[in-house]
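Novice: Take this structure, written in structure tokens, and hold onto it; I'll ask about it next.
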Amino acid sequence: MGNSHHSLSNSNSSNTDFSFSQRTELDPNKVNFDHDVIFPILAIGDSICKGCYRSNMGTNSEIRFHPFSVALTTLINEKFKTLPKCKVYEFGRVEETTFSLTQRLLRFLQLQNIYEDQCLHSRQGYDNIPEGYMHYRYRTIETIVNTIKDMSEQCLQQPSVSWVAICSIPSSKKDVNMNILSKKVETNEMIQHHVNEFNSMLNRKNSKRLIYVDITTPFYYLSSTPQDIQKYWSDDLLFTPEGYDKIAEIIFHSLQSHFSQHLSGTQSFFTLNEYDNK
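Next comes the structure, spelled out in structure tokens:
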């Protein structure tokens, strides 16, 4: 291990939830990784990456945080006990979109080479489904998907990056609006098509690939029981702590074969997730 890693005070260091006043936006220029973590994973995105949820639905409702990065870190290290230690660092920003995320992603990529032992990375971006929101006229599904394509290409241009995992938009109560649901389905299909097309064009000498992770189907709001809805969703969009832990399980089980390869030191990858946040 090189000397570039030092301790980092982050919400991922414990399972404690945090109130909004206790949280700050993390600056990539101030990031130092734990010295005993060989493979840090960086998760950057919006409210869902940050783990936002409402403490209750009454007038005294408080926004708190339970990032899925904590559970994902635990799942990786418990499964691969004989491999080097890994940790998922969460860099969420409330109401992030793919367009503002592009600039943050560039800053992280520029800083990447500072961390010589950093072999495994995760990039997670989130966006609004355009229909029904204030800035609809400025954003179409095509522009959102094209932005995601551009970001994944930027990641794959990095010498150390072998994989980009792009996750589907998760389900929420907003799916009862058929117009929004159709936009969500179309966006997910376009992302999956892009992943399949990219992989089908691969040169055999090029090991870099895209991976599509379906978060929507195994965690679908409209087919959930009232008990599950109460358990996993804290409002029309945000999840509960149990919901974020379930997202971590879905991501882990979808990618655990790749985790095995990466934690063995054979490959590295970024993940880029596209979620709605309104």
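Position 25, counted from 1, in the sequence shown is what this note's numbering calls 1173; the numbers after and before it change by one each time, with no gaps.
Glycine residues also receive a C-beta, built at the ideal position from the N, C-alpha and C atoms.
Given the structure is predicted, the values throughout are model-derived calculations rather than measurements.
With a threshold of 16 other CB atoms inside 10 Å of the CB of PRO1389, please say whether the residue is buried or exposed.
Specialist: As a working mapping, residue 1389 is identified with position 241 in the sequence shown. So PRO1389 counts as buried.
Novice: Is GLY1199 helix, strand or coil when you go by DSSP?
Specialist: Mapped onto the sequence shown, residue 1199 falls at position 51. GLY1199 falls in the coil class under three-state DSSP.
Novice: State buried or exposed for HIS1214, treating a residue as buried only when at least 16 other CB atoms are found within 10 Å of its CB.
Specialist: Residue 1214 sits at position 66 when you count from the first residue of the sequence shown. With 16 or more other Cβ atoms within 10 Å, it is buried.
Novice: State whether the stretch 1303–1321 contacts the stretch 1359–1368, with contact taken as three or more CB pairs (one from each stretch) at a distance under 8 Å.
Specialist: Yes, the stretch 1303–1321 touches the stretch 1359–1368.
Novice: Compute the Euclidean distance between the alpha carbons of PHE1256 and CYS1200, then round it to the nearest angstrom.
Specialist: Position 108 of the sequence shown, counting from 1, holds the residue named residue 1256. Position 52 of the sequence shown, counting from 1, holds the residue named residue 1200. Each residue's Cα considered, the two are about 23 Å apart.
Novice: What's the gap between the Cα of VAL1324 and the Cα of ASP1384?
Specialist: As a working mapping, residue 1324 is identified with position 176 in the sequence shown. As a working mapping, residue 1384 is identified with position 236 in the sequence shown. Rounded to whole angstroms, VAL1324 to ASP1384 spans 10 Å at the Cα level.
Novice: Do ILE1292 and THR1222 have their C-beta atoms within less than 8 Å of each other?
Specialist: Walking along the sequence shown from the start, residue 1292 turns up at place 144. Walking along the sequence shown from the start, residue 1222 turns up at place 74. In this structure, THR1222 does not lie closer than 8 Å to ILE1292 by Cβ.
Novice: How many angstroms separate the CA atom of HIS1401 from the CA atom of ASP1393?
Specialist: Position 253 of the sequence shown, counted from the start, is the residue given in the question as residue 1401. Position 245 of the sequence shown, counted from the start, is the residue given in the question as residue 1393. Going by the C-alpha atoms only, they are around 12 Å apart.
Novice: For LEU1329, collect the residues of the same chain with a Cβ closer than 7 Å to its Cβ; drop the 5 residues on either side in sequence, then sort them by chain order.
Specialist: Translated into positions along the sequence shown, residue 1329 becomes position 181. Cβ neighbours of LEU1329 beyond the five flanking positions: ASP1323.
Novice: What would DSSP say about PHE1213, mapped onto helix, strand or coil?
Specialist: Residue mapping note: residue 1213 aligns to position 65 of the sequence shown, counting from 1. Of the three classes helix, strand and coil, the one that applies to PHE1213 here is strand, per DSSP.
Novice: Let me know the alpha helix (DSSP H) ranges lying completely inside the stretch 1331–1397, each 4 residues or longer, listed in chain order.
Specialist: Listed in chain order, they are 1374–1380.
Novice: Nearest to ARG1467 by alpha carbon, out of THR1288, SER1203, SER1371, ILE1339?
Specialist: The requested residue 1467 is not part of the displayed model; the chain covers only 1149 to 1426.
Novice: Mind checking whether TYR1369 and LYS1321 have CB atoms under 8 Å apart?
Specialist: Position 221 of the sequence shown, counting from 1, holds the residue named residue 1369. Position 173 of the sequence shown, counting from 1, holds the residue named residue 1321. Yes.
Novice: Could you please give me the residues that DSSP links to PHE1400 through a beta bridge?
Specialist: The count along the sequence shown starts at 1 and reaches residue 1400 at position 252. PHE1400 is not bridged to any residue.
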